[in-house]
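Here the sequence shown stands for residues 1 to 408, numbered as in this note's numbering.
Glycine included, C-beta positions come from ideal geometry on N, C-alpha and C.
Computed from a prediction, not measured in an experiment: that's the story for all the values here.
Encoded as structure tokens, the structure appears first; notes follow it.
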Amino acid sequence: MHIPITSQPEYGNLVNFSGNMNLPIHSWFNLKEGYSSKLVSDLMSELKIKEGKVFDPFSGCGTTLLTAKEKGINFLGFEVNPFLYTLTKTKIATYDSSSIQKIYKYKSIIKNRSSKVQKVQRVGLSIADKVFGSQLDSILRYRQVILGIRDEKIRNFYLIAFLSVLERCGFAKKDGNGLRYPPRKKPEQFITAFSNKVEQMLEDIVDGQVADSNNKVVFGDCRNIASDFLEEHKNSAALSVFSPPYLNCFDYTEIYKVELWFGGFVNAYSDLKNIRNSSLTSHLNKEIVPEKGMQMIQKYITAIRHQDIWSPKIPDMVDSYFSDMQKVLRNVHKVLKKGGHCVIIVGNSAYGRVVIPTDEILAVIGESMGFKCIKLDVARKLNTSPQQQKKITNSEKLRESLVYLQKC
Ligand SMILES: C[S@@+](CC[C@H](N)C(=O)[O-])C[C@H]1O[C@@H](n2cnc3c(N)ncnc32)[C@H](O)[C@@H]1O
Numbered sequence: 001m002h003i004p005i006t007s008q009p010e011y012g013n014l015v016n017f018s019g020n021m022n023l024p025i026h027s028w029f030n031l032k033e034g035y036s037s038k039l040v041s042d043l044m045s046e047l048k049i050k051e052g053k054v055f056d057p058f059s060g061c062g063t064t065l066l067t068a069k070e071k072g073i074n075f076l077g078f079e080v081n082p083f084l085y086t087l088t089k090t091k092i093a094t095y096d097s098s099s100i101q102k103i104y105k106y107k108s109i110i111k112n113r114s115s116k117v118q119k120v121q122r123v124g125l126s127i128a129d130k131v132f133g134s135q136l137d138s139i140l141r142y143r144q145v146i147l148g149i150r151d152e153k154i155r156n157f158y159l160i161a162f163l164s165v166l167e168r169c170g171f172a173k174k175d176g177n178g179l180r181y182p183p184r185k186k187p188e189q190f191i192t193a194f195s196n197k198v199e200q201m202l203e204d205i206v207d208g209q210v211a212d213s214n215n216k217v218v219f220g221d222c223r224n225i226a227s228d229f230l231e232e233h234k235n236s237a238a239l240s241v242f243s244p245p246y247l248n249c250f251d252y253t254e255i256y257k258v259e260l261w262f263g264g265f266v267n268a269y270s271d272l273k274n275i276r277n278s279s280l281t282s283h284l285n286k287e288i289v290p291e292k293g294m295q296m297i298q299k300y301i302t303a304i305r306h307q308d309i310w311s312p313k314i315p316d317m318v319d320s321y322f323s324d325m326q327k328v329l330r331n332v333h334k335v336l337k338k339g340g341h342c343v344i345i346v347g348n349s350a351y352g353r354v355v356i357p358t359d360e361i362l363a364v365i366g367e368s369m370g371f372k373c374i375k376l377d378v379a380r381k382l383n384t385s386p387q388q389q390k391k392i393t394n395s396e397k398l399r400e401s402l403v404y405l406q407k408c
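Structural data, given as structure tokens:
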């Protein structure tokens with residue numbers, strides 16, 4: 001199979017989230033692993049998508065879905081992390097004048113009630129004190145009041161405002177696969193940061209749109225979509241744009257653990273474990289059942305087994321990752337119409353000297369199930385340490401790319 005590979009450096013700045021930080025609603029939470037709304041709208045123009053549905057099986061913070069909504073195109077998404085699911089749901093929600101009025105009213109209610117909380121409930125996250133120090137008490141008071149709001153739309157609006165300022169107000173910083181404590185980090189004052197965030201979010205919501213209950217994000221695992229759901233949505237989407245977790249051992253439940261605990265999505269370590277186990281096999285913090293998956297992956301697995309790798313679970317993770325992606329692509333294929341496009345934004349990875357060309361492998365898997373691979377656009381090269389760079393023979397394959405598939 002021949003895959004046309006072209007370099008598209010203009011996508012280099014769009015495969016990250018920074019462009020979204022100047023946009024209404026998109027900027028509500030900075031998802032470092034996300035991509036820009038402009039990338040989605042450029043793809044819609046390039047592929048001439050003016051109607052039909054847009055599908056994102058890994059919705060993250062909802063960039064694909066929100067961009068479709070802004071363009072008046074129907075959308076459907078899946079997300080397995082309850083914090084990111086709620087974030088997407090809140091960003092794509094429709095706010096009418098009555099809900100906007102209620103949201104305004106709650107600004108002062110939250111402030112007043114939080115000072116009157118009698119018994120402050122703690123969270124079970126072991127690092128809570130270390131992360132928030134003396135601000136922990138006021139953060140917990142606001143949390144308690146917000147989680148007690150009965151109206152889901154209002155609660156979610158304030159919960160997202162609350163969660164989106166936590167990183168700025170603490171001593172910890174998200175860094176790669178977890179948290180770091182930079183010695184010079186100065187936490188912002190929580191009450192001011194929260195109040196400013198609420199003002200910013202209120203400026204972004206406008207009245208007047210009509211809600212469509214078919215346009216939604218579903219809380220669930222996109223590898224295992226119920227057959228009646230697939231039946232209902234089959235052959236309906238014109239485009240699927242998504243970015244799966246990369247094969248780089250990043251665990252989203254670890255990166256977003258503060259938001260998961262403080263948002264009340266997780267109340268015990270066993271809850272975290274459950275989310276990990278229902279997420280794609282792209283990290284080592286979950287139970288990985290060894291399987292001898294696809295034949296074409298085996299040469300990479302064998303090569304990795306001969307490397308000096310930091311965990312013996314890595315070969316099984318690689319194997320399961322592609323078996324999982326096969327399940328996802330099968331579901332995407334079902335949801336797309338004939339002729340519908342699928343664009344996967346993905347980065348390759350290296351273990352020892354071995355580069356795993358995830359982009360090319362996904363193209364081959366796609367072809368095996370009824371897609372045609374149109375092209376592979378390389379957006380940018382990925383960095384690795386100079387020592388590793390020297391060891392890797394095909395380091396040009398360490399890249400972030402867009403894989404274009406079309407349903408035959
Ligand atoms: C790279 S992020 C997506 C970023 C997103 N495109 C954006 O710009 O916001 C991958 C997402 O996939 C989610 N995820 C992982 N496994 C999943 C699964 N089995 N089903 C649905 N979502 C999953 C993760 O929680 C994470 O939010």
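Cβ shell of residue i (< 8 Å), same chain only, five flanking positions each side left out
i       : result
Val-120 : Asp-137, Leu-140, Arg-141 and Gln-144
Lys-69  : Phe-75, Ile-92 and Asn-215
Thr-86  : Asn-156, Leu-159, Ile-160, Gly-263 and Phe-265
Leu-376 : Ile-3, Pro-4, Ile-5, Thr-6, Asp-359, Glu-360, Ala-363, Ser-401, Leu-402, Val-403 and Tyr-404
Phe-250 : Glu-33, Gly-176, Asn-177, Ser-282 and His-283
Coil, strand or helix - residue i by DSSP
i       : result
Gln-406 : strand
Ser-279 : coil
Asn-74  : strand
Thr-358 : helix
His-306 : coil
Ile-365 : helix
His-341 : strand
Ser-349 : strand
Asp-175 : strand
Ala-268 : coil
Lys-458 : The shown model of the chain, from 1 to 408, leaves out residue 458, and the question about it has no answer.
Ala-379 : strand
Ile-301 : helix
Val-145 : helix
Thr-393 : coil
Beta-carbon gap between residue i and residue j smaller than 9 Å
i       : j       : result
Asn-13  : Gly-34  : no
Lys-337 : Ala-237 : yes
Leu-398 : Ile-344 : no
Val-346 : Leu-362 : yes
Glu-291 : Ser-323 : yes
Lys-197 : Ile-92  : no
Leu-260 : Tyr-104 : no
Val-364 : Met-1   : yes
Tyr-11  : Leu-47  : no
Phe-171 : Gly-133 : yes
Lys-102 : Arg-223 : no
Met-317 : Ile-275 : no
Ser-18  : Ser-37  : no
Thr-302 : Leu-272 : no
Gly-340 : Leu-239 : yes
His-233 : Lys-53  : yes
Spatial neighbours of residue i in its chain, beta-carbon cut-off 7 Å, leaving aside the 5 residues before and after
i       : result
Gln-307 : Tyr-351, Gly-352, Arg-353 and Val-354
Ile-100 : Ile-205 and Asp-207
Lys-107 : Val-198
Lys-174 : Lys-32, Glu-167 and Ile-255
Asp-221 : Val-80 and Ser-278
Ile-314 : Ile-304 and Tyr-351
Ser-164 : Trp-28, Phe-29 and Lys-197
Distance cut-off 8 Å: residue i Cβ against heavy atoms of ligand 1
i       : result
Arg-330 : no
Ile-92  : no
Leu-247 : no
Pro-357 : no
Glu-254 : no
Leu-179 : no
Leu-230 : no
Glu-291 : no
Cys-169 : no
Arg-223 : yes
Val-80  : yes
Pro-183 : no
Tyr-142 : no
Phe-242 : yes
Cys-61  : yes
Gly-34  : yes
Ile-345 : yes
Ser-278 : yes
Phe-75  : no
Gly-263 : no
Thr-64  : yes
Cut-off 6 Å between Cβ atoms - residues of its own chain near residue i, not counting five sequence neighbours on either side
i       : result
Tyr-321 : Leu-247, Thr-281 and Ser-282
Cys-408 : Gly-370 and Lys-372
Quick one: which unbroken beta strand (DSSP E) runs of 3-plus residues sit fully inside the segment 231–259? Chain order, please. 237–242
Within the segment 81–142, note down every full alpha helix (DSSP H) run reaching 4 residues or more, in order along the chain. 82–92, 97–115 and 128–132
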